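With our numbering, letter number 48 in the sequence shown gets 603, and the count goes up by one each step, no holes.
Yeah, the Cβ is synthetic: ideal placement off N, Cα and C, and Gly gets one too.
Just so it is clear, the structure is predicted and the values come from calculations on it, not from any experiment.
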Amino acid sequence: MANNIKEQIQSDLQQAKATGQLRTERIREIVKSAVSQAASEFKEGSQEIRAIVRDAVSTVIENLQEKSTEFKEEVTASIEGAIEGVNTKRHEAIVKTQSELQRLQAQLDGEEEKLQQDVDGILADIEETGKENTTTTKNTIDAAINAIKDSEEVGLLKKRYAQLQAQLAIVRANVAARYGGRSEEVKHYLDEANNWYSQARPQAEALATQVEEKRSQLDDKLGEAGTAIARKERQLKQTLRELLLATADLFKDKEPTKEDKEIVHK
């Protein structure tokens, strides 16, 4: 098995070199493919799989050592490819589970929407009933209904929920990019993050202005990540990392000012 994987990687490296395609991305794919095929015959986490990884990486080192100005990047690519190859089945299982979670999330969102519609209907009935009372009583009922509709707690929960979902989507994009996810999968997570992020944007003008600069930076990072996916650049992983940090910084809790609170209450 060791000789087979070494021969396969060495042959693929030589072919890539002969055709002028010996780049870090190609090295990563060569190692990933070879390791994935070899590892499929063994139990996950076994000593045999670890030996396969060592053989794969050492083969790249033996064939490229002192022959390239990008030796460090090529070794890094071989290690990344080996890790992705080992975890191919596990990543497929994660994608399947994530797909099921998204289905359940959509179902949950639908149920919550129906619940909100029911509540809105009840409040509308109460408001209609209040019209038959005196002006004072009607005003009291209207005020109570508006207080429920405009509850700060509800608004804050929705905002925090959207922020959390945006961050989780970016985390998933990072994991997918780092451990062998396809570009379509990474892009899907970024689109999901952008959708939740838009829902988490502050509505009050003063609060929006307060985070406008960081919000703009996050928009730029989302755009850069999309471009990196399209070009299949190695820079994608670094861009996603910066995007994750930018999101965490943007959503960092801040003590609202007195003016902010007044605007939110209006």
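Would you tell me roughly how many angstroms separate the C-alpha atoms of GLY781 and LYS742, rounded to the nearest one? 7 Å
Cβ atoms of LEU777 and ALA732: under 7 Å apart, would you say? no
Taking only the alpha-carbon atoms, compute the straight-line gap between LEU745 and ASN688 and give it to the nearest angstrom. 52 Å
Between the Cα of VAL608 and those of GLY710, ASN618, LYS587, THR684, spot the shortest distance and give me the residue it belongs to. LYS587
Specify the secondary structure class of ALA761 as computed by DSSP and reduced to three states. Residue confidence for ALA761 is low, a pLDDT of 41 falling below 50, so the modelled location carries little weight and cannot support an answer.
Mind checking GLU635: buried by the 16 CB within 10 Å criterion, or exposed? buried
Would ILE649 and ASP610 qualify as a contact pair, given that the criterion is a beta-carbon distance under 7 Å? no
Member of VAL730, ILE784, ASN750 whose CA lies at the smallest distance from the CA of THR643: VAL730
Would you kindly work out how many angstroms separate the C-alpha atoms of VAL726 and GLN793, rounded to a whole number? 13 Å
For HIS820, does the three-state DSSP call read helix, strand or coil? Residue placement at HIS820 is flagged as unreliable, the pLDDT there being 43, under the threshold of 50; a coordinate-derived value is accordingly withheld.
DSSP three-state assignment for ILE595, whether helix, strand or coil: For the record, residue 595 in the displayed sequence is Ser; it is not Ile. If DSSP states are grouped into helix, strand and coil, SER595 belongs with coil.
Compare the beta carbon distance of GLY685 and ILE677 with 7 Å and say whether it is the shorter of the two. no
On the CB-based measure, 16 or more other CB atoms within 10 Å of its CB, does ASP567 come out buried or exposed? buried
Buried versus exposed call for VAL674 [16 or more other C-beta atoms within 10 Å across all chains shown]: exposed
Given a threshold of 16 other Cβ atoms within 10 Å of its Cβ, counted over all protein chains shown, does GLU655 qualify as buried or as exposed? exposed
Output the boundary residues of the alpha helix (DSSP H) element that contains GLN602. 602-619
So is ALA702 buried or exposed if we call it buried at 16+ other beta carbons inside 10 Å? exposed
In terms of residues, what are the limits of the alpha helix (DSSP H) holding GLY665? 643-685
Just to confirm, is the Cβ distance from ALA594 to VAL641 under 7 Å? yes
From the DSSP output, in three-state form, read off ALA799 for me. Looking at the sequence itself, residue 799 is Leu, so the reference to Ala does not match. Three-state result, LEU799: helix.
Contact defined as beta carbons within less than 8 Å: I believe THR579 pairs with GLU617. What is the distance between those atoms, to the nearest angstrom? Actually they are not in contact, since the Cβ atoms of THR579 and GLU617 sit about 17 Å apart, beyond 8 Å.
Hey, how far is the Cα of ALA748 from the Cα of GLU667? 20 Å
If ALA632 and ARG583 are in contact, beta carbons under 8 Å, what's the gap, nearest whole angstrom? 4 Å
Tell me the DSSP secondary structure of VAL766 in three-state form. Any reading at VAL766 is ruled out, since the residue's pLDDT is 46, under 50, leaving its predicted position unreliable.
Identify which residue in ALA783, SER753, LEU723 has its Cα closest to the Cα of GLY799. Looking at the sequence itself, residue 799 is Leu, so the reference to Gly does not match. Nearest of ALA783, SER753, LEU723 to LEU799, Cα basis: LEU723.
Measure the beta-carbon distance from SER738 to ILE784 and round it to whole angstroms, keeping in mind my assumption that it falls under 8 Å. 5 Å
If you count every other CB in all the chains shown that lies within 10 Å of the CB of GLU814, and 16 or more means buried, which is it? Below a pLDDT of 50, predicted positions are generally treated as unreliable, and GLU814, at 40, falls in that range; the measurement from the model is reported next regardless. GLU814 should be labelled exposed.
On a Cα-Cα basis, can you pick out the residue from GLY665, ILE585, ILE700 that is closest to ASP680? ILE700
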